DNA sequence: GTGCTGGCTTGACCGAAATCAGGGCTTCGG
DNA sequence: CCGAAGCCCTGATTTCGGTCAAGCCAGCAC
């Protein structure tokens, strides 16, 4: 379902009007004319949980904006051990620029909607618009910051701290509404217990045990296995291990 | 010791002539004229092991090219637990663009020589030269790949696999000479046992034990605690845990 | 020389998390 | 209806790596 109905009188493509990527995502780098040309090449997809987006060691033919849902980036050892090395939320840009092969797998963790572009279109637009490359650069720097934060969690935190840190991270990315340390925050976990364990370097049993512990201690409530309410984010924070960057 | 002796007849600043960053580093993005103006702002430093380059939560006033030595990037929890989140080798660019505060510490692991520029000079030059930003972007993407590789090691590998993976990584970054799976490779470890443990999410005792085990098994030889010889890189690889990206 | 410090190694012991096992609940398809 | 498959929870047991402790050695100050 190709988009791009090249209407000359419309300065911005119809489908881009309500698109989050148009504002906070990478498409915000493009002027109306560029956006029209770019939108001619895009396609929209919906992918169900578990669907593969990018296979490890496969050539990459397209890039995408993530419009809704959560994507998990994974790496797998040959004996099956798996590590989730990143989570992406809308309006993130998906794909590794400047490399023909991906070194990681990308998979839909929840239902996901994408706006995809052919590889060549992104590369052409990037040459044309330094601002586009600039936005991708900034996103990459943020991903690097996140990756390094996760490294501390993986290498130096205990199981209880890991699970608390995960909930805090998800809460901050998924919650809708005001952000307050003392207001109740609730959200749906985008991952199963097994996936959380692959994110934190634990087993699903340990994740389950730590979640029940947080529940019986009154830090969180859980409904239907997935819906989490955090009454006090600050109590959750206390369980994350001393914050990085004291002072 | 400011450099930049603005000699009009010299198309390339004297000190840049023999500089690795001029070729494979970020300065390769600049034309001679830009390089002359840029070099006027640079200073060279030598820093001894343990010297701090960037403090966590401190404002960043300068960026640098790493000319020689190894820099470790660390994050610390408030109770003192530490994680090394990256190692940098020449001719890497040091510093986090677009943020006034660093979220990590950078410290000299070995003796280090730097070519430093004021923050403003880098930002000005980046606006002027998209190619400079492009190179920084590419380095950042490589750092992200490295970070994600390390995440697999931290989250899913055993202690013996972690230590083997570390030696393999260092061997590939520090060795001089031909790269062959069967030729002996030797190098000096740039980190102490305690630092290696902070890199791998282990204790110094465990690192020591695993190194001993690799030694008695004949995979490596160690002289003076620091100098390592790997007779067969392929035997070392076998101990790293199944490779990521089978096929 | 002596003593001190810091890095490294090794051993004994312990504990946090993995492993193994069982059972409950929901969903889905016959 | 039944049964199978997934996901989740919990208990019992094991084990890997952490903790504690001791000792060696090289470098350095005095």
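Protein chains in written order, with this note's numbering: chain A, 83 to 329; chain B, 83 to 329.
Quick reminder that beta carbons are idealized off the backbone N, C-alpha and C, glycines included.
Source: prediction; values computed, not measured.
Ends of the beta strand (DSSP E) at residue 154 of chain B?
Element bounds for residue 154 of chain B: 152-158.
Please go through the same chain and pick out, in chain order, the residues whose beta-carbon is closer than 8 Å to the beta-carbon of residue 106 of chain B, but skip the five residues on each side of it.
These residues qualify, in order along the chain: 173.
Using 8 Å as the cut-off, can you tell me whether the stretch 104-122 of chain A makes contact with the stretch 228-247 of chain A, which would need three or more C-beta pairs spanning the two stretches below that distance?
They do not touch, by the three-pair rule.
Which of helix, strand or coil does DSSP assign to residue 99 of chain A?
Three-state result, residue 99 of chain A: helix.
By Cβ distance below 6 Å, which residues in the same chain neighbour residue 311 of chain B in space, the five residues on each side in sequence not counted?
So the list reads 266, 268, 303, once near-sequence residues are dropped.
Taking the DSSP output, what are the residues bridged to residue 183 of chain A?
DSSP, once it has assigned bridges, lists A:141 as partnering residue 183 of chain A.
Would you mind working out which of A:175, A:317, A:199, A:280 sits nearest residue 103 of chain A, comparing C-alpha positions?
The option with the nearest alpha carbon to residue 103 of chain A is A:175.
Between residue 190 of chain A and residue 151 of chain A, how many whole angstroms is the CB-CB distance? I'm expecting something under 8 Å.
Yes, residue 190 of chain A and residue 151 of chain A are in contact; Cβ-Cβ is about 6 Å, under 8 Å.
Taking the beta strand (DSSP E) that residue 273 of chain A falls in, what are its first and last residues?
Premise fails: residue 273 of chain A is in no beta strand (DSSP E) and is neither H nor E.
At 7 Å on the CB atoms, spell out the chain B contacts of residue 165 of chain A, in chain order.
Within 7 Å Cβ-Cβ: 233, 234, 237, 238.
So, with DSSP's three-state summary, where would you put residue 263 of chain A?
Correct three-state label for residue 263 of chain A: coil.
Please state whether DSSP places residue 220 of chain B in a helix, a strand or coil.
Three-state result, residue 220 of chain B: helix.
When the Cα of residue 308 of chain A is compared with those of A:220, A:112, A:270, which residue comes out closest?
Per the Cα distances, A:270.
Suppose you measure from the CA of residue 167 of chain A to the CA of residue 283 of chain A; what does that come to, to the nearest Å?
For residue 167 of chain A and residue 283 of chain A, the distance between alpha carbons rounds to 10 Å.
Taking Cβ-Cβ distances shorter than 8 Å, what residues in chain B pair up with residue 186 of chain A?
Per Cβ cutoff of 8 Å: 230.
Between the stretch 216-236 of chain B and the stretch 182-196 of chain B, can you find at least three pairs of beta-carbon atoms closer than 8 Å?
Touching, no, given that fewer than three Cβ pairs across the two stretches are closer than 8 Å.
Is residue 261 of chain A buried or exposed, if buried means 16 or more other CB atoms sit within 10 Å of its CB?
So residue 261 of chain A ends up on the exposed side.
Confirm, please, whether the CB-CB distance from residue 148 of chain A to residue 171 of chain A is below 8 Å.
Yes; because the gap between Cβ atoms is below 8 Å, this pair is in contact.
In three-state terms, what does DSSP make of residue 91 of chain A?
Only weak support is given to the placement of residue 91 of chain A: the predicted model assigns it a pLDDT of 49, under 50, and the value that follows is read from those uncertain coordinates. It is coil, neither helix nor strand.
Report the residue from B:204, B:134, B:156 whose alpha carbon sits nearest the alpha carbon of residue 111 of chain B.
Minimum Cα distance to residue 111 of chain B is reached at B:204.
Taking the alpha-carbon positions, what's the residue 212 of chain A to residue 130 of chain A distance?
Cα to Cα, residue 212 of chain A sits roughly 34 Å from residue 130 of chain A.
Between which residues of its own chain and residue 228 of chain B is the CB-CB distance below 8 Å, once the five residues before and five after are set aside?
Here the set comprises 168.
Thinking residue 198 of chain A and residue 136 of chain A are a contact (beta carbons under 8 Å), I'd like their distance in whole angstroms, please.
So it is not a contact: roughly 11 Å between Cβ atoms.
Measure the alpha-carbon distance for residue 317 of chain A versus residue 155 of chain A and round it to whole angstroms.
Rounded to the nearest angstrom, the two C-alpha atoms are 29 Å apart.
Strictly under 8 Å for the Cβ-Cβ distance: is residue 319 of chain A near chain B by that measure?
Taking Cβ atoms only, chain B never reaches closer than 8 Å to residue 319 of chain A, which makes this a no.
Give me the Cα-Cα distance between residue 315 of chain B and residue 264 of chain B, rounded to the nearest whole angstrom.
So the two alpha carbons sit approximately 6 Å from each other.
If you compare alpha carbons, which of B:99, B:115, B:206, B:214 is closest to residue 108 of chain B?
For residue 108 of chain B, the nearest C-alpha among the options comes from B:214.
Does any residue of chain A have a CB that is nearer than 8 Å to the CB of residue 84 of chain B?
Low per-residue confidence applies at residue 84 of chain B: pLDDT is 42, beneath 50, and the placement is therefore not dependable, though the value from the model is reported in the following sentence. Chain A contact via Cβ: absent.
Tell me, please, which residues DSSP counts as bridged to residue 200 of chain B.
In DSSP, residue 200 of chain B forms a bridge with B:144.
Name the DSSP beta bridge partners of residue 310 of chain A, please?
Partner(s): A:269, A:304.
Buried or exposed for residue 182 of chain A, please, with buried defined as at least 16 other CB atoms from any protein chain shown within 10 angstroms of its CB.
Label assigned to residue 182 of chain A: exposed.
Do residue 222 of chain A and residue 222 of chain B have their C-beta atoms within less than 8 Å of each other?
Yes, the Cβ-Cβ distance between residue 222 of chain A and residue 222 of chain B is below 8 Å.
Considering only C-alpha positions, which residue in the set A:165, A:141, A:194 is nearest to residue 126 of chain A?
Comparing Cα-Cα distances from residue 126 of chain A to each of A:165, A:141, A:194, the minimum goes to A:194.
Does any residue of chain A have a CB that is nearer than 8 Å to the CB of residue 178 of chain B?
It does; some Cβ of chain A falls within 8 Å.
Can you tell me whether DSSP reads residue 115 of chain A as helix, strand or coil?
DSSP places residue 115 of chain A in helix when its eight states are reduced to three.
What's the gap between the Cα of residue 101 of chain B and the Cα of residue 324 of chain B?
Using only the alpha carbons, I get a separation of about 38 Å.
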